[in-house]
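Student: So the sequence shown is residues 71 to 325, counted in this note's numbering.
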Amino acid sequence: MKPVVQLEDIYKTYTNGEVQVHAVRGVSLQIQAGEFVAIMGSSGSGKSTLMNILGCLDRPTKGRYLLDSVDTSDLERNERADLRNQKLGFVFQGFNLLARTTAVENVELPMLYSPIRVPPSEMRTRAMKALDIVGLADRADHLPNQLSGGQQQRVAIARALVNHPQILLADEPTGNLDSRTSVEVMGVFQRLNDQGITIVMVTHELDIAHYCKRNLIVRDGKVVRDEAVADRLISAVEMEKLRNAEAAAKLIHSA
Ligand code: ADP
Numbered sequence: 071m072k073p074v075v076q077l078e079d080i081y082k083t084y085t086n087g088e089v090q091v092h093a094v095r096g097v098s099l100q101i102q103a104g105e106f107v108a109i110m111g112s113s114g115s116g117k118s119t120l121m122n123i124l125g126c127l128d129r130p131t132k133g134r135y136l137l138d139s140v141d142t143s144d145l146e147r148n149e150r151a152d153l154r155n156q157k158l159g160f161v162f163q164g165f166n167l168l169a170r171t172t173a174v175e176n177v178e179l180p181m182l183y184s185p186i187r188v189p190p191s192e193m194r195t196r197a198m199k200a201l202d203i204v205g206l207a208d209r210a211d212h213l214p215n216q217l218s219g220g221q222q223q224r225v226a227i228a229r230a231l232v233n234h235p236q237i238l239l240a241d242e243p244t245g246n247l248d249s250r251t252s253v254e255v256m257g258v259f260q261r262l263n264d265q266g267i268t269i270v271m272v273t274h275e276l277d278i279a280h281y282c283k284r285n286l287i288v289r290d291g292k293v294v295r296d297e298a299v300a301d302r303l304i305s306a307v308e309m310e311k312l313r314n315a316e317a318a319a320k321l322i323h324s325a
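1. Could you tell me the distance, in whole angstroms, from the CA atom of phenylalanine 162 to the CA atom of aspartate 248?
2. So, helix, strand or coil for leucine 262, using DSSP?
3. Go ahead and pull the three-state DSSP assignment for arginine 224.
4. Which residues does DSSP list as the beta-bridge partners of lysine 292?
5. Can you tell me whether DSSP reads valine 74 as helix, strand or coil?
6. What residues in its chain sit with their C-beta under 8 Å from that of glutamate 297, if we drop five residues either side in the sequence?
7. Below 8 Å between beta carbons: does that hold for threonine 131 and lysine 82?
8. Which residues in the same chain as glycine 164 place their Cβ atom closer than 7 Å to its Cβ, once the five residues preceding and following it in sequence are excluded?
9. From methionine 121 to threonine 268, what distance separates their C-alpha atoms?
10. CB of alanine 93 to nearest heavy atom of the ligand ADP: below 7 Å?
11. Relative to the C-alpha of asparagine 59, which candidate in Ala103, Val288, Ala228 has its C-alpha closest?
12. Exposed or buried, lysine 72, counting other C-beta atoms within 10 Å across all chains shown (16 or more means buried)?
13. Using a threshold of 8 Å, state whether the C-beta atoms of histidine 280 and arginine 302 are closer than that.
14. Residues bridged to isoleucine 269 by DSSP?
15. Tell me which same chain residues have a C-beta within less than 6 Å of the C-beta of glycine 291, skipping the five on either side of it?
Dropping the structure here:
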């Protein structure tokens, strides 16, 4: 089977005047379909630079990056944008939802930018389906400020899913959430991964990385450790508990 991500001896050097910063220094890496990878490392180790390259937001100085067998090295800016739109979904630390726009409209946004045109009638159906996957179909008409942090991040995950990406790239997706909500969001990622979506996330929290299946440690622009997570945490039970609690609360309110 061909890997969905193949990095071959990737380097990224930033030049600021006279000073050169070697942010990524010879990273070779393969990620297969269905993997759930956490990239860890201290501040300045090169995680964001690596994620920007994986996300086709930036180009390596040297080396080859094949995304789903497409060589991204020679692509023009707009070709990279199209590839990004078709193959990747992004989740950010700060949710990045439009404030005066409802949850379902936020989820529809990537379809407006998709090179593959989605008929307007289909947009709403697809956005609602994505919201349903993250358990928020009943909040579709809420504005972001009417949702909790965890719910906002789930809307952002639905938005990332709506163009049916091959890979979800998440940059510190639990960085703005308390620990209980972080586990809830990791539960959503675990469920999506169980359904076959490949996930790559950056996190500096060791316990969050334990919900993933593979951990990479980056130091000084190099991958210094790459290992399967032996004692993986599963938050599905937590999710079930939360769902039961929500259902119970609904029953109590409706009684
Ligand atoms: P991390 O995400 O692990 O904190 P980064 O990838 O942001 O690490 O940064 C890696 C190194 O590259 C750091 O030394 C940082 O200062 C440097 N760097 C990142 N982006 C730039 C840039 N645009 N110009 C110059 N140096 C940069």
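Glycine residues also receive a C-beta, built at the ideal position from the N, C-alpha and C atoms.
Tutor: Taking the definition as stated:
1. Cα to Cα, phenylalanine 162 sits roughly 16 Å from aspartate 248.
2. The answer is helix: DSSP assigns leucine 262 an H, G or I state.
3. Of the three classes helix, strand and coil, the one that applies to arginine 224 here is helix, per DSSP.
4. Answer by DSSP bridge pairing, in chain order: Arg289.
5. The three-state secondary structure of valine 74, taken from DSSP, is coil.
6. These residues qualify, in order along the chain: Arg284, Asn285.
7. Against a cut-off of 8 Å, the Cβ pair of lysine 82 and threonine 131 comes out as a contact.
8. In chain order, Asn246 place their CB closer than 7 Å to the CB of glycine 164, counting only its own chain and leaving out the 5 sequence neighbours on each side.
9. For the pair methionine 121 and threonine 268, the Cα-to-Cα distance works out to about 14 Å.
10. Yes - the ligand ADP has a heavy atom lying nearer than 7 Å to the Cβ of alanine 93.
11. Outside the shown range of the chain (71 to 325) lies residue 59, about which nothing can therefore be said.
12. Exposed, because fewer than 16 other Cβ atoms sit within 10 Å of the Cβ of lysine 72.
13. In this structure, the beta-carbon distance from histidine 280 to arginine 302 falls below 8 Å.
14. Bridge pairing for isoleucine 269: Phe106, Leu238 [DSSP].
15. For glycine 291, the CB contacts under 6 Å within the same chain, skipping 5 residues up- and downstream, are His92, Ala93, Val94, Arg95, Gly116 in chain order.
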